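Heads up, the sequence shown is in the working numbering, so the first residue is 62 and it goes up one at a time.
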Amino acid sequence: MPDSVGELGEFGLIGAVTARLPQGPDVLLGPGDDSAVVAAPDGRVVVTTDLLVENRHFRRDWSAAADVGHKAAAQNLSDIEAMGARPTSLVVGLGVPADLPVSWAVELSAGLGEEAALVGASVVGGDVVRSPLVVVSVTALGTLAGAAPVLRSGARAGDVVALCGRLGWAEAGYQVLSRGFRTPRAVVEAHRRPAVPYGAGAEAAGLGATAMCDVSDGLLGDLGHVATASGVLIDVSPSLLVVAEPLREVASALGADPLAWVLTGGDDNALVATFPADVELPERWTVIGSVSAGSGVTVGGAEYDQPAGHDHFAGS
Ligand SMILES: Nc1ncnc2c1ncn2[C@@H]1O[C@H](COP(=O)(O)OP(=O)(O)O)[C@@H](O)[C@H]1O
Ligand SMILES: Cc1ncc(C[n+]2csc(CCOP(=O)(O)OP(=O)(O)O)c2C)c(N)n1
Ligand SMILES: [Mg+2]
């Protein structure tokens, strides 16, 4: 097989990336025709899209191709989870330079398929195009299986705020990678591949979550969207947040504040939801704050005076 995608050509590349994509039970027709066909017995489709651009979301010298595939899938699958839905399928728009090794594109595609398979979802189609940088545009479809979607707008005064998943890990990884280090491995891996708490979205919906979103830009920033959409004040209690040991270790080596990474670091794709106060939460959900009348997000009752999370156009 030729080494570069340019030598292989468009249709050779499509053949190579679709060769190893297992198809799950929701797929009626997978890759190969003009469109795919996916079952939606519920009569509604949950759909979301997120774009990953080389050097903005990942670097090829920091992440392997499979890591980028896992990340691109995870970032979209977590948005489906955040509606209280179950992901069923992904379609992938892939822009690649002509000199990209074929193996890189194939491993990226395999990473997408493997991450999707963690929730029983499948890559059902896509597109390839020549591009000066690697660009991965993923659209995810999901099903609510008869349930109501959990919106950002449903939080009510008196609710509790609960978190499922890790926060601050990817930011710690980004900080060490930015300084040319490759360890601690756990945080570097967290930057490369988010650990989405699959199934927790539908679980939260079943427990009566009133509002939910995934934390892609940073906890305070994303809770800000919930507070605004719901017309409430959300307070996060810093004493209820876990600052894991690897974060403390990295922060002390870099002279940084690990709590700031937990509060504002992006890329972890945890789920945060509000629930009526009498909810009984499974172990993987932790109460981290409360909802009251008012507006905005506070930390321990006080305004937070640093940027609340990632903004692609901040400082531009
Ligand atoms: N270019 C766009 N055209 C239409 N809707 C968009 C566009 N970009 C973002 N949105 C919508 O705005 C909302 C917020 O987007 P974003 O912050 O990217 O959400 P998320 O963090 O869940 O990916 C989403 O509902 C998204 O679909
Ligand atoms: C090379 C590199 N630089 C910086 C970052 C940090 N970063 C880039 S985008 C982002 C936030 C999440 O991405 P976005 O496109 O805003 O996703 P969405 O909120 O739409 O899901 C973060 C923390 C990174 N992951 N990789
Ligand atoms: Mg988005």
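A virtual CB, placed ideally from N, CA and C, is assigned to each residue, including glycine.
All figures in this text were calculated on a predicted structure; none of them were measured in a lab.
Put simply, the region 302–320 does not touch the region 182–195. Fewer than three CB pairs are less than 8 Å apart. Counting only runs of 3+ residues, the beta strand (DSSP E) found wholly inside the region 81–136 occupies 88–90 and 107–114, in chain order. The criterion of a C-beta distance shorter than 8 Å is not satisfied by Asp140 and Pro255. A distance below 8 Å separates the beta carbons of Thr204 and Arg147.
About 27 Å separates the beta carbon of Thr110 from that of Ala223, a gap too long to meet the 8 Å contact definition. Residue range Glu71 to Thr79 is occupied by the alpha helix (DSSP H) that includes Phe72. The three-state reading of DSSP puts Leu301 in helix, counting H, G and I together.
Put simply, of Leu302, Leu332, Ser298 and Ala354 the residue whose alpha carbon is nearest the alpha carbon of Ser291 is Ala354. By the criterion of a C-beta distance shorter than 7 Å, Val311 is surrounded in its chain by Ala233, Gln236, Val237, Pro245 and Val248, once the five residues flanking it on both sides are discounted.
Judged by beta-carbon spacing, Gly226 lies beyond the 8 Å limit of Arg81, meaning their Cβ atoms are not closer than that value. Looking at the DSSP output, Pro162 bridges to Ser65. By the neighbour-count definition (other C-beta atoms within 10 Å, threshold 16), Phe72 is an exposed residue. About 17 Å separates the beta carbons of Ser377 and Gly327, which is beyond the 8 Å limit, so they are not a contact pair. When rounded, the separation of the alpha-carbon atoms in Gly219 and Val163 is 54 Å. Considering only His118, Trp123, Ala97 and Ser65, the residue with the shortest C-alpha distance to Arg243 is Trp123. Residue nearest to Ala201 within the set Val360, Leu112, Asn137 and Val303 is Asn137 (criterion: CA-CA distance). The DSSP-derived three-state label of Asp278 is coil. Here Ala159 is exposed. Its C-beta has fewer than 16 other C-beta atoms within 10 Å.
DSSP lists Val184 and Ala201 as the bridge partner or partners of Leu151. The secondary-structure analysis by DSSP pairs Asp296 across a beta bridge with Ser351 and Thr359.
Ranking Ile75, Val340 and His286 by CA distance to the CA of Leu155 puts Ile75 first.
The C-alpha of Arg117 lies about 20 Å from the C-alpha of Leu228. Pairing Val221 with Thr359 gives a Cβ-Cβ distance that is not under 8 Å. Relative to ligand 3, Asp111 has its C-beta within less than 7 Å of a heavy atom. When distances are taken from the beta-carbon of Ser96 to the heavy atoms of ligand 1, even the shortest one reaches 7 Å or more. For the options Ser356, Leu315, Asp366 and Leu324, the alpha carbon positioned closest to that of Gly241 is the one of Leu315.
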